[in-house]
Ligand code: NDP
């Protein structure tokens, strides 16, 4: 049966993986809307290829280019923040939320408010708006399918079980490309070194987050909202091979783990086919060739991000939104060569010191207000510590 699909963030890494699976199963999907920020030509090409009804750029200044590229195709074009939310609010069977950063929050909330089923890759949205978003999911009868590989693994390990029987959820972390670097060398890491992930091919922002371990910090907060077992039952373990994507231990000491290739098409396929399964073009996992699976405790001295995330979620209120906003500002500054690698988490820590002053957000507008204020504050901290 053909199902309708909207893909937010179609021109990114998750977008490409999603469309690769859709391309292999064209009879299964009718694409309603595809979105990007400003990759107008690429978006137009995808909209034509997949027969989308609507293409939207978040950056309104790129709309003219999108319109020109779609001229004569009959595909509707739109631009701007509001247009992204309107696209996400159109009724479809599945929305894949793969915009990077808190910029995805408004569209995700629009999809939730129409009671849709959302495959959520956009972790920053859930980190920033955790309680507001989960309350909206319950109020509107929406369904969140965790697409992040770790949360998708946990989701799979929880199937048929009761959260009350969970003793512990363990998120695995690859440790990123700089996992073995000493602190002094970390300070000199370049953007190219930080994005060179050993196992996963991803967008630049999440690749830097993996290198700082902030990705795991964000995922810790994400897991807290998706699987409310209590913070004391959430753990992180470093597992450099990225074969086990996460684990759930039950109170009888039985541990279920999900294993698979380090390719986002596996968790995306799990969401596209949910509650069933579908083929992917990936090779079977060859454990004998992999040979060895190793595990380490996280080193929060060299990589303080997971500590900061834990402190932010313990503090609650606006702290997770501030952590996320400051991290987005710091990662962009690092990628632009404006601050050293180790400044990223230092800046987040400084930004968090203000979290007590910020009001507890209880609506989407308030979360966005906290996000904007935290960005301004983090940017002012940047000026103090810029290296250029
Ligand atoms: P990319 O940077 O590759 O792609 C981001 C997408 O979002 C692009 O389509 C981009 O459009 C669009 N976008 C960027 N900024 C905005 C904005 N301000 N408004 C609207 N659209 C915008 O990111 P990834 O695909 O790597 O990651 C997407 C999300 O999925 C992130 O939240 C990430 O943490 C999460 N995730 C990613 C994984 C991966 O393997 N990549 C794994 C697990 C989670 P444009 O091309 O025009 O800039």
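In the working numbering, the protein residues as written are 4 to 391. Where a beta carbon is used, it is the ideal one built from N, C-alpha and C, also for glycine.
Taking a 10 Å sphere around the C-beta of residue 145, we find 16 or more other C-beta atoms and assign the residue as buried.
Note that the C-beta distance between residue 297 and residue 244 is below 8 angstroms.
Annotation for residue 110: 11, 87, 88, 91 place their beta carbon closer than 6 angstroms to its own, counting only its chain and skipping 5 residues before and after. The ligand NDP has a heavy atom closer than 7 angstroms to the beta-carbon of residue 127. In this structure the region 283-294 does not touch the region 232-239; the number of beta carbon pairs closer than 8 angstroms is below three. For residue 355, the enclosing alpha helix (DSSP H) begins and ends at 346-355. Not one heavy atom of the ligand NDP sits closer than 7 angstroms to the Cβ of residue 131.
Proximity of the region 174-189 to the region 204-221 meets the contact definition, three or more beta-carbon pairs being nearer than 8 angstroms. Restricted to the region 42-118, the alpha helix (DSSP H) segments that are unbroken, complete and at least 4 residues in length are 43-53, 66-73, 84-92, 108-116, listed in chain order. The C-beta distance from residue 147 to residue 123 rounds to 5 angstroms, short enough to fall under 8 angstroms. Taking each of 143, 247, 193 in turn and checking the Cα distance to residue 159, the smallest one comes out for 247.
Straight across, the Cα-Cα distance linking residue 126 with residue 221 is about 7 angstroms. Short of 8 angstroms from the beta carbon of residue 190, and not among the five residues preceding or following it, lie these beta carbons of its own chain, in chain order: 343, 344, 345.
If you check the CB distance, residue 305 and residue 142 do not come in under 8 angstroms.
Sequence-distant Cβ neighbours of residue 256 in its own chain, meaning closer than 8 angstroms and more than five residues away, are 170. A heavy atom of the ligand NDP is found nearer than 7 angstroms to the CB of residue 40. Taking residue 312 as the centre and dropping the five residues before and after it, the same chain places the C-beta of 220, 223, 224 closer than 6 angstroms to its C-beta, in chain order. Residue 324 places its beta carbon less than 8 angstroms from that of residue 373.
Listed in chain order, the alpha helix (DSSP H) runs fully inside the region 169-226 are 186-189, 194-197, 207-215, counting runs of at least 4 residues. Relative to residue 73, the option among 50, 61, 82 whose CA is nearest is 50. For the pair residue 9 and residue 35, the CB atoms are nearer than the 8 angstroms cut-off. The shortest CA-to-CA distance from residue 283 to any of 93, 150, 273 is the one to 273. Cβ-Cβ distances below 8 angstroms link residue 66 to 43, 60, 80, 81, 82, 83 in the same chain, with the five nearest sequence neighbours on each side left out; the list follows chain order. Within 7 angstroms of the C-beta of residue 374 there is not a single heavy atom belonging to the ligand NDP. Excluding residues up to 5 positions away in sequence, 61, 62 lie with their Cβ nearer than 6 angstroms to the Cβ of residue 40 in the same chain. Under a 10 Å Cβ-count criterion, residue 162 is classified as exposed, with fewer than 16 other Cβ atoms of the shown protein chains found around its own Cβ. When the beta-carbon positions are compared, residue 150 and residue 95 stay at least 8 angstroms from each other.
Sorting 53, 379, 164 by C-alpha distance to the C-alpha of residue 252 places 164 at the top. Shown here, residue 384 sits in a helix according to DSSP, grouped into three states. Judged by their CB atoms, residue 22 and residue 13 are nearer to each other than the 8 angstroms cut-off.
By the neighbour-count criterion, in which a residue is buried when 16 or more other Cβ atoms sit within 10 angstroms of its Cβ, residue 293 is exposed. Taken from the Cβ of residue 151, at least one heavy atom of the ligand NDP lies inside 7 angstroms. It is roughly 7 angstroms from the alpha-carbon of residue 263 to the alpha-carbon of residue 269.
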